[in-house]
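To start, the structure under review is shown below, and the notes come after it.
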Amino acid sequence: MRPTLLYSGGCPFCRWVARNIVLRLDKFNQLDIIPFRDATASWLLRGIPDAERYQTWWFIDGNGKRWRGNRGGGIALLLTLKRTHWIGCVLCRLGLGVCIDKLDCWVKAKRPILSKLAKTEEEIKRIRNEE
Numbered sequence: 044m045r046p047t048l049l050y051s052g053g054c055p056f057c058r059w060v061a062r063n064i065v066l067r068l069d070k071f072n073q074l075d076i077i078p079f080r081d082a083t084a085s086w087l088l089r090g091i092p093d094a095e096r097y098q099t100w101w102f103i104d105g106n107g108k109r110w111r112g113n114r115g116g117g118i119a120l121l122l123t124l125k126r127t128h129w130i131g132c133v134l135c136r137l138g139l140g141v142c143i144d145k146l147d148c149w150v151k152a153k154r155p156i157l158s159k160l161a162k163t164e165e166e167i168k169r170i171r172n173e174e
């Protein structure tokens, strides 16, 4: 099984983060990124109640283990990607995994504001053309 990131496709900030993970962190094409509304996402998260399923993003590792974004998912994702593996190792060694989870909770609370700041690809191209 390929590692998979599941996210809210209806959230502009979530789409922006997913797109940037692919462009900047997943240079070795190790990761599948799927919005919640995709049928594959429903299958991967089977058995998890809907109320819990959509509260945060999810990471499914190569062994099929499901990680909630705010309960170890960030570290598991960092450890999986070749480009960020060393960062995950350092954070684990320093015992900072819980800080990543807290950061995720903060981001969730600020998501409406962050979504207003997230730019679409068309907006980024327009801004670059004006420079």
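Here the sequence shown is numbered in my numbering, starting from 44 and rising by one per residue.
Backbone N, C-alpha and C fix where the C-beta goes; we use that ideal spot for every residue, glycine too.
- If you check the CB distance, Ile103 and Leu87 come in under 8 Å.
- Annotation for Trp110: the continuous beta strand (DSSP E) segment containing it runs 109-111.
- Contiguous beta strand (DSSP E) elements confined to the stretch 76-106 occur at 101-103, taking only those with 3 or more residues.
- Residue environment: Gly117 is assigned as buried (16 or more neighbouring CB atoms within 10 Å of its CB, all protein chains considered).
- Contact holds between the stretch 64-75 and the stretch 107-126, because three or more Cβ pairs, one in each stretch, are under 8 Å apart.
- In this structure Leu137 is exposed. Its beta-carbon is surrounded by fewer than 16 other beta-carbon atoms within 10 angstroms.
- In the structure shown, Leu160 adopts helical secondary structure according to DSSP, grouped into three states.
- Judged by beta-carbon spacing, Gly105 lies beyond the 8 Å limit of Arg62, meaning their Cβ atoms are not closer than that value.
- DSSP, reduced to helix, strand and coil, places Leu139 outside both helices and strands of the structure shown, so it counts as coil.
- With a contact defined as Cβ atoms closer than 8 Å, Gly52 and Pro78 qualify at about 3 Å.
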